[in-house]
Amino acid sequence: MNVIDIQGVSQRYGQTTVLHDLNLSLGEGEVLGLFGHNGAGKTTSMKLVLGLLQPSAGQVRVFDRLPSDPHVRQMLGYLPENVTFYPQMSGLETLRHFARLKGASNAQVDRLLEEVGLAAAARRRVKTYSKGMRQRLGLAQALLGEPRLLLLDEPTVGLDPIATQDLYRLLDRLRSQGTSIIICSHVLPGVEAHINRAAILTQGRLLALGSLRKLREDAGLPTLLRANGLKRAGPLQASWNRAGHVTQRWGVEGLEVAALNGSKLDLLRQLLNEDDPSDVEIAPPSLEDLYRYYMGQAAAHANGETA
Amino acid sequence: MNPIWNMARKEFSDGLRNRWLLAISLLFAILATGIAWLGAAASGQLGFTSVPATIASLASLATFLMPLIALLLAYDAIVGEDESGTLLLLLTYPLGRGHILLGKFIGHGGILALATLIGFGCAMLAIAVLVDDVELSLLVWAFARFMLSSTLLGWGFLGLAYVLSSISAEKSTAAGLALGVWFFFVLVFDLVLLALLVLSEGQFNPRVLPWLLLLNPADIYRLINLSGFDGGASTAGVLSLGSDLPVPGTMLWLCLLLWVAAPLGSAWLLFRRRAS
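Residue numbers (the numbering used here), protein chains in the order written: chain A, 407 to 713; chain B, 302 to 577.
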C-alpha cells in the first residue's frame, strides 16, 4: 500500500491553474525530494496531501483514506515553510500545547527538545528565538506523536551547516524506521544522499520523477574528470579531443574532461596509464546540475511552443 | 471533547498570561464600587442609595463596557492566527474547525465569566459588608441576575467577534469591523429607533417597535436588568418601549441566549468556508 497516492490531480484558483494533472506516489519508508522554483506548486501539493485544499480534479489518498480524515492527521507531521508560533509562549509551553492536541506524551516533548538542541532555551519565550531555533522547534513539533508520514517544507532554511547535517541524520534514522518523508525545497546542496527519489516541478507540471541515478541517465549529463599535476597534459588533451571528448585545461598542469555515457572508467584508466597525476577529482552531475538541465529543457519547450 | 478542552485551556492561560483577566476584574471592581457609592452624587447624595438604583447604573455602564471588552478579546481569534501562520499548523492537527472555534469560545468565555464574577462580586461583597441596612437577599438576587446577564451579553459579542474574525482577511479589518459593530449595537441602534419613533409621527405601528428591541442584545440586557424591580425604577429613553413589550422575563433570557448561540453558529459556518 502506498502512503500517498496522487492521481491526476489539478488545482485551480479562479482562472489560474497551479497544478496540471499531477501523478505522484510515495511508498513506506521512502524519502521524496520535491524540487522547484517559487510558485512551481510544491506548497500546493503539500496542502493537498494535508487536506487543506480540495483538488479541483483527480484524487488524493493518504494511507488509503481521505487526507482530511482525523486518523490521517494523527499519523502525519508537518513543518510549514517559515514556521511561526505564539510569541508569548515558551518553547516548552508551545510544544506541550501541540503535544496535547496530538495526544503525545510530555516525556516525548522533553526528549524532542533535547534532540533538536533546544533543552537549554526551552523556558525562554519563542519571541526571543532566532530563525534557526524557531525552525528546530517547528521540526520538534512535526515529530510529535511519532508520525508515519512527514512533510517538510524548506526544512533547512535558517539552519547552520551542522544543524543541517543533524537534520539529515535524523531523517536517515526516521527513514530506516519506516517513516515516509517528503522534503520540499529549492535545490539543496547535500540533500542528494538522503533522498530515494526526486521530483522536479515547474509551473505546476511534473518535469521529472525518479531516483537520482535514473534522472542522471535520462539527462545524459557528463561526469567531470579533473586531473592535476600532469606531465603530458598537452598530448593527452589532443588525443582525447581526437576521440571526440570535450576537454579543457584545468590550472597549470591540469586537465578536465567531460565523461559521457559511462565512459568515465575508460577515461580514468587511460589517464592513469599514460600519465602520473598527483590528484584526480570525479564530479558526477549534482542535483543542482540536473535541476538546471530540466529547467532548461522546460524553458526550451515553452519557447518552442510560443514560436 | 478533549481537543476542545485543550484549545480552551490554551486560550484561558493566554488570558492569565497577558493579564486580561486581572485587568478586566480590576476595572469592573473599581467601577462597580465607585458607582455604588458615587452613583447618587448627581442628586446631591453621597453614599449607597438602593440596590435597584445601583444595578441600573451598573447595567448602563456594562452595556458599554462588556461588548467592547468581548470584541477586543476575540476579534483576532481566527484572523490573528491565520496572519501569524499558526492556524495553518492547527488545521493539520487531528482537530476540526468546530473544535478550534468552540475551544476558543470556552477559553475566552471563561475569562469573561470569571472577571465578571470577581469584579462585580467584590463590589457586591463590599456593599454587603459596609452598608448596614441593605436587604441581603435582594442584593444577592439582583447581583446574581446582573452578573449572569452581563456574562451572556459578553458571550454574545464574543460570537460576533468570531464572525468578524472569520470573514476578515486582515487583522486590522477585523479590528475596524469590531469597532463598527460595537458602535452600531451600543450607540447607533437606539438612536435609529428613536428617530423612527419621532419621524414617523405615530404612523409607525406602535406594536412593532418594542419588538425591534429584541434585535439588539444590549437592549435585551438592559431590559432584563432594569425591569423586575418594584416600581420600575428608572427606565428612560427607548427602553420605556420595553414596558409595552408583551413578553415575560424568561423570554428575554431566551432571546439573550439566542444572541449567544446564533453568532457562534454563524461564526462556525463562516470559519468552515474560510480558505486555508
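Idealized CB from N, CA, C, for every residue including glycine.
Pairing CB atoms from the segment 527-546 of chain A with CB atoms from the segment 497-510 of chain A, are three or more of them under 8 Å?
yes
Less than 9 Å between CB atoms is the rule here; does A/V489 satisfy it with respect to chain B?
yes
Tell me, to the nearest whole angstrom, how far the beta carbon of B/A337 is from that of B/A445; I am working on the premise that it is less than 8 Å.
Contact doesn't hold; Cβ gap of about 16 Å is too wide.
Report the neighbours of B/R575 on chain A: residues whose CB is nearer than 7 Å to its CB, in chain order.
Neighbours of B/R575 on chain A: none; closest Cβ ~11 Å, over 7 Å.
Can you tell me whether B/W569 is buried or exposed? The criterion is at least 16 other CB atoms within 10 Å of its CB, across all chains shown.
buried
Beta strand (DSSP E) containing A/Y484: first to last residue?
482-485
Compute the Euclidean distance between the alpha carbons of A/L459 and B/S358, then round it to the nearest angstrom.
52 Å
Residues bridged to A/S586 (per DSSP)
A/L555
In chain A, which residues lie less than 8 Å from B/Y394 when you measure between Cβ atoms?
R479, F504, L507, K508
Proximity of A/Y666 and A/L631 at Cβ, strictly below 9 Å:
A small correction: the amino acid at residue 666 of chain A is Leu; Tyr does not occupy that position in the sequence shown. No, these two residues do not count as a Cβ contact at 9 Å.
Would you please state the rounded distance, in angstroms, between the beta carbons of B/V493 and B/F365? I believe it to be under 8 Å.
That belief does not hold up - the Cβ atoms of B/V493 and B/F365 are roughly 17 Å apart, past 8 Å.
Option in A/G668, A/L671, A/V686 with minimal Cα separation from A/L767:
The displayed coordinates of chain A run from 407 to 713. Any statement about residue 767 of chain A would go beyond what the structure contains.
With respect to the alpha helix (DSSP H) encompassing B/R318, which residues constitute its N-terminal and C-terminal limits?
303-318
Chain-ordered chain A contacts of B/L389 [CB-CB under 8 Å]
L458, P486
Measure the CB-CB distance between B/G399 and B/R573 and report whether it falls below 9 Å.
yes
Would you call A/I606 buried or exposed, if buried means 16 or more other Cβ atoms sit within 10 Å of its Cβ?
buried
Per-residue contacts from A/Q494 into chain B (C-beta, under 8 Å)
D315, R318, N319
A/P476 touches chain B at which residues, Cβ-Cβ below 7 Å?
P395
Could you name the residues of chain B that A/L482 contacts, counting a contact when the two beta carbons are closer than 8 Å?
T393
Across the segment 649-658 of chain A and the segment 314-330 of chain B, are there enough close Cβ pairs to call them in contact, namely three or more that are closer than 8 Å?
no
B/A563 versus B/L571 - alpha carbon distance:
12 Å
Excluding the 5 residues flanking B/L266 on each side, which residues of the same chain have their C-beta closer than 7 Å to its C-beta?
A question about residue 266 of chain B goes unanswered here, because the residues of chain B that appear run from 302 up to 577.
If A/Y700 and A/A614 are in contact, beta carbons under 8 Å, what's the gap, nearest whole angstrom?
5 Å
Beta carbon proximity, A/I541 to chain B, threshold 9 Å:
One detail in the question is off: residue 541 of chain A reads as Gln in this sequence, not Ile. A/Q541 does not count as touching chain B.
Who pairs with A/V410 in a beta bridge, going by DSSP?
Note that residue 410 of chain A corresponds to Ile in the displayed sequence, not to Val. Note: A/I410 sits in a beta bridge opposite A/L432, A/V468.
Using three-state DSSP, classify B/S567 as helix, strand or coil.
helix
Integer Cβ distance of B/A519 from B/A462, believed to fall under 8 Å
Contact flag wrong, Cβ pair sits at about 15 Å.
By how many angstroms is the C-alpha of A/R638 removed from the C-alpha of A/V684?
The amino acid at residue 684 of chain A is misidentified as Val; the sequence shows Ser. Looking at the two C-alpha atoms, the distance is approximately 12 Å.
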